[in-house]
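Novice: Take the sequence shown: its position 166, counting from 1, is numbered 259 in my numbering, and each next residue is one higher.
For every residue, glycine included, the Cβ atom is placed at its ideal position computed from N, Cα and C.
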Amino acid sequence: AVMLWFFAMARIPIAQVTAIGFTTPIFTTIGAALYLGEYLHARRIAAVVVSFLGTLIILRPGALSIELGALAQLAAAPLFACSFLIAKKLTETESSATIVAYMSVFVTLALLPPALLVWRTPTITELGWLFVTAVLATAGHYTFTRAMQAVELTVLQPFSFLQLVWATLLGYYAFSEVPDVWTLAGGAVIIASVTYIAHREARATSERSS
């Protein structure tokens, strides 16, 4: 899935990559119901749909042309969903640190042969950025795995749409990219959806425990 994502990034606009990539929560929600036996509450389905609409408001993607990059990203979405389903299953027997460690080792071994075919020794600066990327990615995978241990996957999916909100804030403060009205409107929709599902799930958990 990651290889397909990088393949798509090199061939189609980032807005298209992002728009197609946010179909992953839909595949994950369906997969969680079919293979993990998670119950699809109406509020969870609504939260995923509303968050996806908020994403489309921000991205305002035009009609996607049938390009190889678009097809690659579309293929990556269900593969990412499958990885989430497997990781969720593993949380029943393994710790978050173990799952992330296994993933890092297996990904390194799997990608080393194709990487050697196009190898170029990175500069010191590039190594520094790669190190930062690795630390952030590992931390992200670890915290996401911890979240999967705590709640069902269908609960988590609307939260994935917050990535666009954080990306917008980072772009503003780091690169002086001023968000337009569509970004603000879509972000408001996403935040409202995530706030709603978080409140409802917390309330449901409280009622069950009492």
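Give me, in chain order, the residues of the same chain whose beta-carbon lies closer than 7 Å to that of Val-143; leave out the 5 immediate sequence neighbours on both sides.
Specialist: The residue labelled residue 143 in the question sits at position 50 within the sequence shown. Within the same chain, Val-143 has close Cβ partners Val-282, Ser-286.
Novice: Helix, strand or coil: which one does DSSP assign to Tyr-132?
Specialist: For the purposes of this step, residue 132 is identified with residue 39 of the sequence shown, where counting begins at 1. Three-state result, Tyr-132: coil.
Novice: Can you say whether Trp-212 is buried or exposed, counting buried as having 16 or more other CB atoms within 10 angstroms of its CB?
Specialist: As a first step, residue 212 must be located in the sequence shown, where it is residue number 119. The residue in question, Trp-212, is exposed, as its Cβ has fewer than 16 Cβ neighbours within 10 Å.
Novice: Out of curiosity, what's the CA-to-CA distance linking Pro-206 and Val-200?
Specialist: As a position in the sequence shown, residue 206 is number 113, starting the count at 1. As a position in the sequence shown, residue 200 is number 107, starting the count at 1. Answer to the nearest angstrom: the Cα atoms are 11 Å apart.
Novice: Between Leu-146 and Trp-259, what straight-line distance do the alpha-carbon atoms span, to the nearest angstrom?
Specialist: Stepping through the sequence shown from its first residue, residue 146 is reached at position 53. Stepping through the sequence shown from its first residue, residue 259 is reached at position 166. One C-alpha to the other measures close to 17 Å.
Novice: How big is the Cα-Cα spacing for Thr-184 and Thr-216?
Specialist: Working through the sequence shown from its first residue, we reach residue 184 at position 91. Working through the sequence shown from its first residue, we reach residue 216 at position 123. Straight-line Cα distance between these residues: approximately 38 Å.
Novice: Given a cut-off of 8 Å, decide if Tyr-128 and Leu-167 are closer than it, judged by their beta-carbon atoms.
Specialist: For the purposes of this step, residue 167 is taken as the residue at position 74 of the sequence shown. For the purposes of this step, residue 128 is taken as the residue at position 35 of the sequence shown. The answer is no: Cβ separation not under 8 Å.
Novice: Gln-242 to Gly-233, Cα distance in whole Å?
Specialist: Residue numbering aside, residue 242 sits at position 149 when the sequence shown is read from its first letter. Residue numbering aside, residue 233 sits at position 140 when the sequence shown is read from its first letter. Spanning the two alpha carbons is a distance of roughly 14 Å.
Novice: Mind checking whether Thr-279 and Thr-148 have CB atoms under 8 Å apart?
Specialist: Locating residue 279 in the sequence shown gives position 186, counting from the first residue. Locating residue 148 in the sequence shown gives position 55, counting from the first residue. The residue you asked about is not Thr; residue 279 is Gly in the sequence shown. Against a cut-off of 8 Å, the Cβ pair of Thr-148 and Gly-279 comes out as a contact.
Novice: Can you give me the C-alpha to C-alpha distance between Leu-263 and Ala-194, rounded to a whole angstrom?
Specialist: Along the sequence shown, read from residue 1 onward, the residue named residue 263 stands at position 170. Along the sequence shown, read from residue 1 onward, the residue named residue 194 stands at position 101. Cα to Cα, the separation comes out at about 28 Å.
Novice: Could you give the residue range of the alpha helix (DSSP H) that holds Gln-242?
Specialist: Here residue 242 refers to the residue found at position 149 when the sequence shown is read from its first residue. Residues 217-243.
Novice: Taking the straight line between their C-alpha atoms, what separation do you get for Asp-273 and Glu-219?
Specialist: The sequence position of residue 273 within the sequence shown is 180, counting from 1. The sequence position of residue 219 within the sequence shown is 126, counting from 1. Cα to Cα, the separation comes out at about 32 Å.
Novice: Please identify the residue among Arg-296, Met-102, Val-110, Phe-173 whose C-alpha is closest to the C-alpha of Ala-125.
Specialist: Position 32 of the sequence shown, counted from the first residue, corresponds to residue 125. Taking only the C-alpha atoms, the option nearest Ala-125 is Phe-173.
Novice: Using the three-state DSSP reduction, which class does Phe-173 fall into: helix, strand or coil?
Specialist: As a first step, residue 173 must be located in the sequence shown, where it is residue number 80. DSSP places Phe-173 in helix when its eight states are reduced to three.
Novice: By the three-class DSSP mapping on this structure, what secondary structure does Pro-272 have?
Specialist: Taking the first residue of the sequence shown as position 1, residue 272 is located at position 179. The answer is coil: DSSP assigns Pro-272 none of H, G, I, E or B.
Novice: Please identify the residue among Ala-170, Thr-121, Gly-130 whose C-alpha is closest to the C-alpha of Ala-101.
Specialist: As a first step, residue 101 is located in the sequence shown; it is residue number 8 there, counting from the start. Closest option to Ala-101, Cα to Cα, is Ala-170.
Novice: Mind reading off the beta-carbon distance from Ile-105 to Glu-160? Whole number of angstroms is fine, and I expect it under 8 Å.
Specialist: Here the question's residue 105 lines up with position 12 in the sequence shown. Here the question's residue 160 lines up with position 67 in the sequence shown. Yes, Ile-105 and Glu-160 are in contact; Cβ-Cβ is about 6 Å, under 8 Å.
Novice: Apply the 10 Å Cβ neighbour rule to Ser-253 and answer buried if 16 or more other Cβ atoms are within range, or exposed otherwise.
Specialist: Taking the sequence shown and counting its residues from 1, the one referred to as residue 253 is at position 160. So Ser-253 counts as buried.
Novice: Please work out which residues of its chain come closer than 7 Å, Cβ to Cβ, to Ala-165, disregarding the five sequence neighbours upstream and downstream, and give them in chain order.
Specialist: Translated into positions along the sequence shown, residue 165 becomes position 72. Hits under 7 Å: Leu-97, Phe-100, Ala-101.
Novice: Determine the extent of the alpha helix (DSSP H) in which Phe-99 is found, giving its start and end residues.
Specialist: Within the sequence shown, residue 99 is the residue found at index 6, counting from 1. Residues 95-102.
Novice: Using alpha carbons as the reference points, say which of Val-198, Tyr-289, Leu-249, Thr-186 lies closest to Phe-120.
Specialist: In the sequence shown, residue 120 corresponds to position 27, counting from 1. Closest by alpha carbon: Leu-249.
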